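Beneath this line is the structure, given in structure tokens, with notes to follow.
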Amino acid sequence: MTTVERWQTWDERISQRLRLDHRPGWLTTCFGWLSHTGDGWLWVLLPLALGLFSKGAWRHAGWTLLAGVLLTAATVGLLKVLFRRQRPQGQWGTLYRKTDPHSFPSGHAARAAMLGLVGWAVLPPPWAAALSLWGGLVAVSRVLMGVHYLSDVLAGVLLGLALGGAMWWLQGLWPLW
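Number 67 in our numbering belongs to position 67 of the sequence shown; there are no gaps in the numbering.
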């Protein structure tokens with residue numbers, strides 16, 4: 001067995017042990033709901049509305065976050081086409097499984113990490129802290145709900161942090177608050 005095969009076997013085994021999606025209960029319901037709060041359409045609409053309907057620093061925050069969401073979506077989409085790793089088998093998340101059968105890297109985790117990092121530059125600290133906490137929980141929820149392997153989420157978080165850092169550097173972002 002090659003090193004890659006051993007890693008993949010470990011990844012699948014540990015991810016299976018972490019899953020909650022086959023255990024009905026309040027925790028599964030909470031993480032399922034939380035996972036949906038990271039859906040891409042929502043994170044296009046929220047920053048777009050902020051950019052269109054607010055003023056000053058909030059308007060800047062909206063447009064900056066929207067640019068990050070779009071950059072992250074394009075990058076994740078390209079990587080998913082290149083890697084073509086199939087999602088874990090499961091019942092929860094049928095919409096994700098049908099519209100996006102590839103799991104590597106996790107788009108939810110990448111988007112959440114990017115938003116959390118860029119949020120520190122464009123949002124007041126309490127909002128940035130909340131966004132970062134939310135992002136971590138969304139990333140974890142993707143493994144718990146069985147729509148990603150652990151390595152998909154770890155790669156997504158690293159990608160999101162890299163893209164957020166690139167945005168911070170490219171736009172010369174400095175905290176506005």
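Cβ atoms here follow ideal geometry from the backbone N, Cα and C, with glycine treated the same way.
Keep in mind it's a predicted model, so treat the numbers as computed, not measured.
Segment contact flag, the region 118 to 134 with the region 85 to 96, C-beta cutoff 8 Å, min 3 pairs: no
Expected contact under 8 Å - CB spacing of residue 112 and residue 139 to nearest Å: 6 Å
For residue 179, the first and last residue of its enclosing alpha helix (DSSP H): Any property of residue 179 remains undetermined from this structure, which presents the chain solely from 1 to 177.
Contacts around residue 107, its chain only, beta-carbon distance under 6 Å, and the 5 residues preceding and following it disregarded: 76
Residue 171 (DSSP reduced to helix, strand or coil): coil
Between the CA atoms of residue 89 and residue 159 - distance to the nearest angstrom: 24 Å
Inter-stretch contact at 8 Å, needing at least 3 Cβ pairs: the region 146 to 159 / the region 13 to 20: yes
Within 9 Å, strictly: CB atoms of residue 115 and residue 43: yes
Straight-line Cα distance separating residue 123 from residue 59: 11 Å
Residue interval of the alpha helix (DSSP H) (run including residue 76): 56 to 83
Contained alpha helix (DSSP H) runs [length at least 4] in the region 91 to 141, N- to C-terminal order: 94 to 99 and 107 to 122
Inside the region 9 to 33 only - alpha helix (DSSP H) runs reaching at least 4 residues: none
Nearest neighbour of residue 38, chosen from 54, 87, 69 and 85 [CA to CA]: 69
Rounded straight-line distance, which links the Cα of residue 83 to that of residue 55: 41 Å
Residue 44: first and last residue of the uninterrupted alpha helix (DSSP H) it sits in: 40 to 53
Between the CA atoms of residue 21 and residue 119 - distance to the nearest angstrom: 30 Å
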